[in-house]
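Chain order of the listed sequences is A and B. First residue of the first sequence? That's 1 in full-length UniProt numbering, and the numbers climb one at a time after it. First residue of the second sequence? That's 1 in full-length UniProt numbering, and the numbers climb one at a time after it. First up is the structure itself, then whatever we jot down about it.
2 protein chains.
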Amino acid sequence: MPASYAYLGPEGTFTEVALRTLPEAATRELVPMVSVPAALDAVRSGEAEAAFVPIENSVEGGITTTLDELVAGEPLMIYREVLLSITFALLVRPGTKLSEIKTVTAHPAAQPQVRNWLKANLPDAVWESAASNADGARLVQEGRYDAAFAGEFAAARYGLEALETGIHDAENAQTRFVLVGRPARPAAPTGADKTSVVLWQRDDHPGGLRDLLGEFAVRGINLMLLQSRPTGAGIGNYCFCIDAEGHISDRRVAEALMGLKRICLQVRFLGSYPRADIEPDAVRAPLPGTSDDEFASAADWVARCQDGRF
Amino acid sequence: MPASYAYLGPEGTFTEVALRTLPEAATRELVPMVSVPAALDAVRSGEAEAAFVPIENSVEGGITTTLDELVAGEPLMIYREVLLSITFALLVRPGTKLSEIKTVTAHPAAQPQVRNWLKANLPDAVWESAASNADGARLVQEGRYDAAFAGEFAAARYGLEALETGIHDAENAQTRFVLVGRPARPAAPTGADKTSVVLWQRDDHPGGLRDLLGEFAVRGINLMLLQSRPTGAGIGNYCFCIDAEGHISDRRVAEALMGLKRICLQVRFLGSYPRADIEPDAVRAPLPGTSDDEFASAADWVARCQDGRF
Numbered sequence: 001m002p003a004s005y006a007y008l009g010p011e012g013t014f015t016e017v018a019l020r021t022l023p024e025a026a027t028r029e030l031v032p033m034v035s036v037p038a039a040l041d042a043v044r045s046g047e048a049e050a051a052f053v054p055i056e057n058s059v060e061g062g063i064t065t066t067l068d069e070l071v072a073g074e075p076l077m078i079y080r081e082v083l084l085s086i087t088f089a090l091l092v093r094p095g096t097k098l099s100e101i102k103t104v105t106a107h108p109a110a111q112p113q114v115r116n117w118l119k120a121n122l123p124d125a126v127w128e129s130a131a132s133n134a135d136g137a138r139l140v141q142e143g144r145y146d147a148a149f150a151g152e153f154a155a156a157r158y159g160l161e162a163l164e165t166g167i168h169d170a171e172n173a174q175t176r177f178v179l180v181g182r183p184a185r186p187a188a189p190t191g192a193d194k195t196s197v198v199l200w201q202r203d204d205h206p207g208g209l210r211d212l213l214g215e216f217a218v219r220g221i222n223l224m225l226l227q228s229r230p231t232g233a234g235i236g237n238y239c240f241c242i243d244a245e246g247h248i249s250d251r252r253v254a255e256a257l258m259g260l261k262r263i264c265l266q267v268r269f270l271g272s273y274p275r276a277d278i279e280p281d282a283v284r285a286p287l288p289g290t291s292d293d294e295f296a297s298a299a300d301w302v303a304r305c306q307d308g309r310f
Numbered sequence: 001m002p003a004s005y006a007y008l009g010p011e012g013t014f015t016e017v018a019l020r021t022l023p024e025a026a027t028r029e030l031v032p033m034v035s036v037p038a039a040l041d042a043v044r045s046g047e048a049e050a051a052f053v054p055i056e057n058s059v060e061g062g063i064t065t066t067l068d069e070l071v072a073g074e075p076l077m078i079y080r081e082v083l084l085s086i087t088f089a090l091l092v093r094p095g096t097k098l099s100e101i102k103t104v105t106a107h108p109a110a111q112p113q114v115r116n117w118l119k120a121n122l123p124d125a126v127w128e129s130a131a132s133n134a135d136g137a138r139l140v141q142e143g144r145y146d147a148a149f150a151g152e153f154a155a156a157r158y159g160l161e162a163l164e165t166g167i168h169d170a171e172n173a174q175t176r177f178v179l180v181g182r183p184a185r186p187a188a189p190t191g192a193d194k195t196s197v198v199l200w201q202r203d204d205h206p207g208g209l210r211d212l213l214g215e216f217a218v219r220g221i222n223l224m225l226l227q228s229r230p231t232g233a234g235i236g237n238y239c240f241c242i243d244a245e246g247h248i249s250d251r252r253v254a255e256a257l258m259g260l261k262r263i264c265l266q267v268r269f270l271g272s273y274p275r276a277d278i279e280p281d282a283v284r285a286p287l288p289g290t291s292d293d294e295f296a297s298a299a300d301w302v303a304r305c306q307d308g309r310f
């Protein structure tokens, strides 16, 4: 039996399409799961080698179910990310005309991306939420709704046709997916990498979060995501999911993480992995004074000072 | 006709219960709306004097629909907040036994708060999402599901009985609601106030967010919420919804907002209003050097210096 990747199912959703863009997916059995927690639990239990789940969306922001699963429970690590542009097709039973559509369905996350299109083209259609976009397509096939918003690729699977394609209210609507596995050594740096961590503050005081971010800033590290998530200890109690540019084997990143480890109540390392948004040769150079060489020669200099040999 | 408050309906949800704790609600007509955008649009159009909507939850974090509505569109302002402890009752048709329950329903937001209870007490029950907790109760009344999770107060309205009360996975589960109106002069400071703003960074560079937070930190202002929301310009493009301690008429807060106005691309003021979590006499004193008197005497001193009279 080949090693398997669990993913947020059902089949025929954007998640599956994104997963199939990973070369390593071709050699694995791909197993759809009913939910993000179920996909990640399959990894924790050893049932699956890895899980592939959405984590961020340019319209909705961080996918909180995924972030909360990575923040709590047995530690997991991110090994890959995939960016997928999201545009919807309006899927109908063959022959259905736009004027005949009284009911439409899709996953609730699709709604903000098709709202304007609906208002302009089907102002009187009644919206009902589906468990997933693929499930919405299935319900159209069964005759329960007149039309579903889903990826165009879902049409063939459910015997539907795309009455309209390329529907997206927000330009550049993208979803970011991650491949998550049990903790192990991160892949080697590619030159265009990202490091994800979760930070818990030691206490709540003016400037507390600013001080945490300072560990990145003083080392010239740019942040790509900062998403607060409730700790469960009541309103106003948050931990912070942070994506930073760079790899834990970069000295500036390693030193920032050491600084955070010293000042935070808790730090959870979620992995260093290749960025999907940029090629290594397009990554900007480190800020002056923050390259590995400069870190190394500064460490040498301090060592010489400690010996009185400056 | 009395002035009306729109609120996130339907009747019989936690939102209505929270709204009725406000003394001013007693003299208004309370109008349930189908969604948060609909409630806020009623204010923007002048149809309603104010809207009452959930904005933050200790289990789920910021309510993104509400935040996104306040971030974009015609500006609105927050005038009041209410904190409500959330515990669920399991509502059934009178006489139903726990062992007879095969299907349960509630709003999806209820699920993380009842998940453990369900696993322990009804491990085989099938969950179906409802449009609201009150709607779930109605569907139980109609016989479509066996049980609904909702506020205990919803039982009477739908002819149901509470088989179990006080269900909550997370201790101290609370939801924060806000009363939102058209922009006007904020209420006078009470001594325990909160100021809400939305910040857009001028550009993306290492330390950018740290610098924004520094405007609060150097003036001893504690933050109570920092929630990133997508700007719609693609993955990684965020603005920041921030709640800070204090009132815009406090000199430290006014000066922090001036600093942000200078360094941000855009700042949206969402209001200064009384905190619901603490009484004025329990608020800690400003950090040394950040009281109104100290700001005033420091301004005097600089003015004297400018005159050569120090």
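We treat Cβ as the ideally placed atom computed from N, Cα and C, and that holds for glycine. These figures come from a predicted structure and were not determined experimentally.
- Counting only runs of at least 4 residues, the UniProt domain "ACT" (197–274) of chain A fully encloses the following alpha helix (DSSP H) elements, listed from N- to C-terminal order: 208–217 and 251–263.
- Per DSSP, reduced to three states, the secondary structure at residue 49(A) is coil, with no helix or strand assignment.
- Not a single C-beta of chain A is nearer than 7 Å to the C-beta of residue 276(B).
- The Cβ atoms of residue 151(A) and residue 224(B) do not sit closer than 7 Å to each other.
- DSSP lists no beta-bridge partner residue for residue 86(B).
- Per DSSP, residue 279(A) lies in no beta strand (DSSP E) and is assigned neither H nor E.
- Residue range 161–167 is occupied by the beta strand (DSSP E) that includes residue 163(A).
- Residues of chain B whose Cβ lies closer than 8 Å to the Cβ of residue 59(A) are, in chain order, 230 and 232.
- Under the DSSP assignment, residue 181(B) falls in the beta strand (DSSP E) whose first and last residues are 174–181.
- In this structure, DSSP gives residue 171(A) a state outside helix and strand, which the three-state scheme calls coil.
- In this chain, the beta strand (DSSP E) harbouring residue 147(A) covers 147–150.
- For residue 52(A), same chain residues with a beta-carbon under 7 Å away, outside a window of 5 residues either side, are 5, 7, 15, 19, 177 and 179 in chain order.
- Contact note: residue 210(A) reaches chain B through 210, 213, 214, 216 and 217, using a C-beta cutoff of 8 Å and chain order.
- In the three-state DSSP reduction, residue 81(B) falls in the strand class (E or B).
- Check the Cα spacing between residue 162(A) and each of 255(A), 88(A) and 288(A): the tightest is with 88(A).
- Annotation: Cβ neighbours of residue 222(B) in chain A (cutoff 9 Å, chain order): 204, 205, 206, 207 and 208.
- Segment contact: the region 130–137 of chain B against the region 111–120 of chain B, fewer than three CB-CB distances shorter than 8 Å; contact not assigned.
- Residue 26(A) and residue 3(A) have their alpha carbons spaced roughly 11 Å apart.
- Straight-line spacing of the CA atoms in residue 291(B) and residue 13(A) works out to 56 Å.
- For residue 167(A), the nearest beta carbon of chain B is not closer than 7 Å to its own beta carbon.
- Secondary structure at residue 4(B): strand, using DSSP grouped into helix, strand and coil.
- When secondary structure is reduced to three states using DSSP, residue 119(B) falls in the helix class.
- Within a 10 Å sphere around the beta-carbon of residue 108(B) sit fewer than 16 other beta-carbons, which makes this residue exposed.
- Under DSSP, residue 10(B) shares a beta bridge with no residue.
- Sorting 208(B), 209(B) and 78(B) by C-alpha distance to the C-alpha of residue 186(B) places 78(B) at the top.
- Neighbourhood of residue 304(A) in chain B, by CB distance below 9 Å: empty, with the nearest CB roughly 29 Å away.
- In the same chain as residue 33(B), and ignoring 5 residues on each side of it, the C-beta atoms closer than 8 Å to its own belong to 6, 7, 8, 9, 39, 42 and 51, in chain order.
- For residue 56(B), the beta-bridge partners assigned by DSSP are 62(B) and 176(B).
- Across the region 118–131 of chain A, no CB contact with chain B closer than 7 Å is found for any residue.
- For residue 106(B), the uninterrupted beta strand (DSSP E) run begins and ends at 103–106, by DSSP.
- For the pair residue 222(B) and residue 197(B), the Cα-to-Cα distance works out to about 14 Å.
- Here residue 184(A) is exposed: its Cβ has fewer than 16 other Cβ atoms, across all protein chains shown, within 10 Å.
- In its chain, beyond the 5 residues on either side, 186, 193, 195, 247 and 248 have a beta carbon closer than 6 Å to the beta carbon of residue 272(B).
- The contact set of residue 226(A) on chain B, defined by CB atoms closer than 7 Å, consists of 209 and 228 in chain order.
- Remark: C-beta atoms of residue 147(B) and residue 137(B) do not approach each other more closely than 7 Å.
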